[in-house]
Structures are given as C-alpha cells and as structure tokens.
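Q: In the working numbering, the protein residues as written are 1 to 193. Once you've had a glance at the structure underneath, I'll fire off some questions.
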Amino acid sequence: MIVGEVYYERKYGVRTSGFKTSESKRHHHYQAAAYTVLDRILRELVPHTRGYTFYDIGCGKGRVLFRAADFGFKKLCGIELDAALLENAKNNLKPLLKRDKTLEIEFIQKNVLECTFENHNSVYFLFNPFNDEVMKGFIERVLSSNKEECYFVYMNPVFSKVFEKKQIQAHKVIRSFLYTEAIIYRLPEKRTN
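As structure tokens, then:
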C-alpha cells in the first residue's frame, strides 16, 4: 500500500497524503483514500458510468478526482468545506491539467447542504466526510435535484443505514479480509421521489 502511495503521488506530481483533524461533530477529519481501494472502486464503476459527472464530496486535497480522471471521467467536481484543503487541491490540479487539457474540473468551497446538483447522470463519492445527519440532508438534496441515474460510492460506510432508510439499494459491496471498504449504491433514472 505504501509503495502505491509513493508511486501515484510521484506520477501525478501531487501531495495528497496526510491527516487533518476536524473540530466539528458534524464534519469528519481529512484522510486521503488509499489508491489500492480507489482502483477497486473505479474498476467497478467505469463500465456503468461512462460520460457521467464525478463529484467528490469532501474532496480534501483532490486525490480521488485525479484518480477518477485517470479512469476516464472527464467532468469532475470537488466540494470541500475546508479552505486550506481546497487550496491544496487547486495546487495539486495544475500538473494534471498540463497532461490532459480535455478535463473539466471544478472545485467548490461550500457546505454540501447548500449545494444544488445538476440533473444529469452522476457519481457521488464520499469517504465518510460527515455524520448521519449531514448524510441524510445531502442525500435529500441529490434526490430533490437529480432525477437521472446516479451512483453513490460510500467508502468507510459508517452511516450506511441512512441509505437503507431512503430505500437506496446497494449495487456492489467492496470488502477486504477484515471489513467493508466501500458500498456502491445505484439510483435508477427518472425517479419521482
């Protein structure tokens, strides 16, 4: 795992590793998602999500977006509440845009509960960025604004019951030997809820 961390950080010319604590009870700490787990998730998603917009909710320093771009996502959006983390993400973006000028990557500093999501096929990636109350509000915002097919990727799915209560079905569970790494949920298109 450490070899993968070093390899990808050098490949992208980025610095996304690290840990940043949060003083908030609603919003969790920053920790970069492991590249090895990201690759497993993205390999599972890509056949189903070509041409979809990829959102990283609580994007931190941008690691997930950069890896998603390597897997073929062209329209990407990182949403982050912490200004310092978002500034790191913007700095990390520069080498990627030099390599691929076709990418559309946007970073937004905003509370996810204040966001309105576009009505188009989308992937929403979450690495346990907030508590169950915020998760519920986030899902409700997506459900109210986007009626097209959507996938939610919930890494370290501590509050997976929120999805179950909303009757959002698991598409795929990604496990390691010890625990559930991520759950991919799918919402079909043209919903009326």
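Beta carbons: idealized from backbone N, C-alpha and C, even for Gly. Predicted, not measured: the structure shown is a model, and the values here were computed from it.
Indicate whether the contact test is met: 3 or more Cβ pairs, each with one atom in the stretch 172 to 188 and one in the stretch 149 to 158, closer than 8 Å.
A: Contact holds: three or more Cβ-Cβ distances are below 8 Å.
Q: Could you check the C-alpha separation between E80 and F177 for me, to the nearest Å?
A: Near 31 Å, if we compare the C-alpha coordinates of F177 and E80.
Q: How big is the Cα-Cα spacing for H171 and F163?
A: Taking the straight line from one Cα to the other gives about 12 Å.
Q: Which parts of the stretch 34 to 111 are runs of the alpha helix (DSSP H), unbroken and 4 residues or longer, counting only runs that do not cross its ends?
A: Complete alpha helix (DSSP H) runs here, min 4: 35 to 45, 63 to 70, 83 to 99.
Q: Assuming A69 and L96 make a contact with CB atoms under 8 Å, what is their CB distance in whole Å?
A: Contact flag correct, Cβ pair sits at about 6 Å.
Q: Take V142 and list the residues in its own chain whose beta-carbon comes closer than 6 Å to its own, dropping the five residues that flank it on each side.
A: These residues qualify, in order along the chain: F117.
Q: Alpha carbon to alpha carbon, what distance is there between Y12 and D100?
A: Approximately 12 Å between the Cα atoms of the pair.
Q: Keeping to the same chain, check which residues put their C-beta closer than 6 Å to that of Y8; ignore five residues upstream and five downstream.
A: Contacts found: Y35.
Q: Could you give the distance in angstroms between the alpha-carbon of K90 and the alpha-carbon of I168?
A: For K90 and I168, the distance between alpha carbons rounds to 33 Å.
Q: For L126 versus V153, is the C-beta distance shorter than 8 Å?
A: For L126 and V153, yes; Cβs fall inside 8 Å.
Q: Could you pull out every residue in the same chain whose Cβ sits closer than 6 Å to the Cβ of V37, ignoring the five residues on either side in sequence?
A: Cβ neighbours of V37 beyond the five flanking positions: E181.
Q: Contact between the stretch 39 to 55 and the stretch 128 to 136 is defined here as three or more beta-carbon pairs at a separation below 8 Å; is this criterion met?
A: These segments do not touch.
Q: Using 10 angstroms around the beta-carbon of R202, count the other beta-carbons present and answer buried if the total reaches 16, otherwise exposed.
A: Outside the displayed span of the chain (1 to 193) sits residue 202, for which this structure offers no information.
Q: Specify, as a first and last residue, the run of the alpha helix (DSSP H) that I139 falls within.
A: First-last of the alpha helix (DSSP H) with I139: 132 to 145.
Q: Identify, in the order they occur along the chain, each residue of the same chain with its Cβ nearer than 7 Å to the Cβ of L93, setting aside the five sequence neighbours on each side.
A: Same-chain partners within the cutoff: G62, I105.
Q: One question on the structure: do N121 and G51 come within less than 8 Å of each other, judged by their Cβ atoms?
A: It is a contact, given that the beta carbons lie within the stated cut-off.
Q: Could you tell me which residues DSSP pairs with R186 in its beta bridges?
A: DSSP lists Y151, Q169 as partners of R186.
Q: Only counting the same chain, and skipping five residues up and downstream in sequence, which positions put a Cβ closer than 6 Å to that of N88?
A: Only K61 meet the Cβ criterion.
Q: Go ahead and label N119 buried or exposed: buried means 16 or more other beta carbons lie within 10 angstroms of its beta carbon, across all protein chains shown.
A: Counting Cβ neighbours within 10 Å, N119 comes out exposed, since fewer than 16 surround it.
Q: Using DSSP's beta-bridge definition, name the partner residues of L178.
A: DSSP, once it has assigned bridges, lists no residue as partnering L178.
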